[in-house]
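Residue numbers (the working numbering): 1 to 622.
This is the structure we're talking about:
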């Protein structure tokens, strides 16, 4: 029922709340959907009589951006295509709602309850639904119970419609069993190694090196290269300019006092009954002197662990329960109170009073946090000044000097972000090159022209000027002599190690008699404690039993003999085949669901207006 929610998120917690974000509007073909930048009224998505406003879509976008993408900026999220993904998901849900309305499909209370009880994120270690985990999960996700139940209703309805045509999509067990046997089969190998030792090879004379260089000259070509001068503006670089007074820190402490408060909590146990009569009977038994846990065990078969909700804040509790529990004294019995799950009876075991940290307790924390905030403010002050200066024709060097900043230079940068030898830069240069849009800007800006100010994310900006460009060229022997020498010696060392291996193999099968076998390993190399596990596994699986092959790893030459095939056990095959079968059936079901979505988009005349949402999101962040 909630499979789409389970598979939709990277985070185990968010699996409960977020549906899978399909790739943009790809499931709908051109002509299946009416799309435009701006639509009529405030509706961003329309399907039949159902619609969603731009504000509703924007709120969902922001929720997913914060929950699933570590709160990246709105601009970055838009650039990455998150809006299209969110609208695609919401459009699919709306289509199913429209179809449900046409077919009079509804979600019942029993369906809700059944779905919740099956939800793995709300279950304890025994697989039993835990009210405590449910409450905690909602709190962490920033959802109220009503919000979650609304999402749940939509999912139930969508699933009913989807299941009506997709449940028949089943793969035969034989396919999954063969896949499992293939994947789980293991090999045992025997390995003899010969080290590759460039340092032990005789030093070649210069003529040998020149001859070798001529034969391999293409390997030493220099690509197109640029020297880049840049000005980087980041909070980390500006922290040293920030000075905080004691008064400022105390003011921040007062303004943010809530951050330094520990809220009151209650330690609560709870049991839930299907009827009010059962709950009242339990209450009467407790009022008569029977211990709370004993009643839970007798009437519901629950242990103390089952009924223990732990330490809860006011906001962790359902509204119907929160006031009663937080107004109760320690040891007091609360309820019965009706909720979605039935009739709740709770006992407040412990009252944990809240506390307030003193200024001295959090002084260092405030210093770090406030210092970084001021550094960020300083970044934006400087970029405004920099933009104005660049707009009036100031050079990059002048801009840097005016703002107390320093330019830096990256030399010999190729179009892939590597150096002249095709190797990645290391150290601070690597961090700069990996910044958003740095490489593209470096190669799209004309020589001696100053780029626009680029937002690299995380409150970091840069402006750059390519100062030199070199065309691709052949390099001379003298330029690369050291590298040529190293490559030559490595080639000789590899050839020497291979010759040793070949001579050793000529001895015959007896060379493996005293070699210890490996532990069983899979095609992926799992099971092998070796840095070249994948290569060893590939070799062992592609040759028959008792065959041996010489392979080179870069550091060693190996003779790999396939010594034994270890088939998977019947239990392994059965368990893994069941998993594979579920995945195959799920994929088939999704394909059918996608086809259904296309059909429904035509039936209900789906309309999408992303521009309205984008305008709202951009406006909110100005």
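Just so you know, even glycine gets a beta-carbon here, dropped at the ideal spot from N, CA and C.
Small disclaimer: the values here were computed from a predicted structure and weren't measured.
Which class does residue i belong to by DSSP, given the choice of helix, strand or coil?
i	result
residue 270	strand
residue 343	strand
residue 532	coil
residue 151	helix
residue 447	coil
residue 359	helix
residue 296	helix
residue 568	coil
residue 546	coil
residue 203	coil
residue 521	strand
residue 303	coil
residue 558	strand
residue 382	helix
residue 364	helix
residue 196	coil
residue 190	strand
residue 338	strand
residue 350	strand
Would you mind sorting residue i into buried or exposed? The rule is 16 or more other CB atoms within 10 Å of its CB.
i	result
residue 426	exposed
residue 596	buried
residue 509	exposed
residue 609	buried
residue 344	buried
residue 200	exposed
residue 605	exposed
residue 399	buried
residue 190	buried
residue 451	buried
residue 270	buried
residue 211	exposed
residue 562	buried
residue 539	buried
residue 85	buried
residue 601	buried
residue 401	exposed
residue 607	buried
residue 74	buried
residue 699	Outside the shown range of the chain, which is 1 to 622, sits residue 699, and nothing can be said about it.
residue 571	exposed
residue 536	buried
residue 83	buried
With the cut-off set at 9 Å, would you say residue i and residue j are in Cβ contact?
i	j	result
residue 336	residue 279	yes
residue 265	residue 311	yes
residue 586	residue 229	no
residue 328	residue 299	no
residue 341	residue 272	yes
residue 225	residue 477	no
residue 460	residue 435	yes
residue 192	residue 511	yes
residue 119	residue 156	no
residue 432	residue 438	yes
residue 222	residue 470	yes
residue 347	residue 332	yes
residue 80	residue 72	yes
residue 445	residue 428	no
residue 442	residue 405	no
Any heavy atom of the ligand PLP closer than 8 Å to the CB of residue i?
i	result
residue 318	Among the ligands in the structure shown, none appear at all, so the ligand PLP cannot be discussed.
Answer with yes or no whether the minimum CB distance from residue i to chain C is below 9 Å.
i	result
residue 281	Any reference to chain C falls outside this structure, which holds one protein chain only.
Segment contact, 8 Å Cβ cut-off, at least three pairs: the region 550 to 563 with the region 531 to 542: In this structure the region 550 to 563 lies against the region 531 to 542, because at least three pairs of beta carbons, one per stretch, are closer than 8 Å.
Whole runs of the beta strand (DSSP E) within the region 216 to 291, excluding any shorter than 3 residues: The region 216 to 291 contains these whole beta strand (DSSP E) runs: 225 to 233 and 265 to 273.
Given 8 Å, three or more beta-carbon pairs between the region 477 to 495 and the region 195 to 203: They touch, by the three-pair rule.
Beta strand (DSSP E) runs contained entirely in the region 33 to 92, provided each spans 3 or more residues: Counting whole runs of 3 or more residues, the region 33 to 92 contains the beta strand (DSSP E) stretches 43 to 47 and 50 to 53.
Alpha helix (DSSP H) segments (min. 4 residues) lying fully within the region 477 to 518: Taking only runs of at least 4 residues, the alpha helix (DSSP H) segments lying wholly in the region 477 to 518 are 477 to 505.
Those runs of the beta strand (DSSP E) which lie wholly inside the region 397 to 468 and span at least 3 residues: Listed in chain order, the complete beta strand (DSSP E) runs (minimum 3 residues) inside the region 397 to 468 are 407 to 413 and 454 to 457.
Three or more C-beta pairs below 8 Å linking the region 313 to 320 and the region 230 to 241: Contact fails: fewer than three Cβ-Cβ distances are below 8 Å.
Start-end ranges of the alpha helix (DSSP H) lying completely within the region 310 to 336, minimum 4 residues: Runs found: 319 to 327.
Sufficient close CB pairs (3 or more, under 8 Å) joining the region 41 to 54 to the region 85 to 95: They touch, by the three-pair rule.
Contact the region 286 to 297 vs the region 372 to 385: 3+ CB pairs below 8 Å: No, the region 286 to 297 is not in contact with the region 372 to 385.
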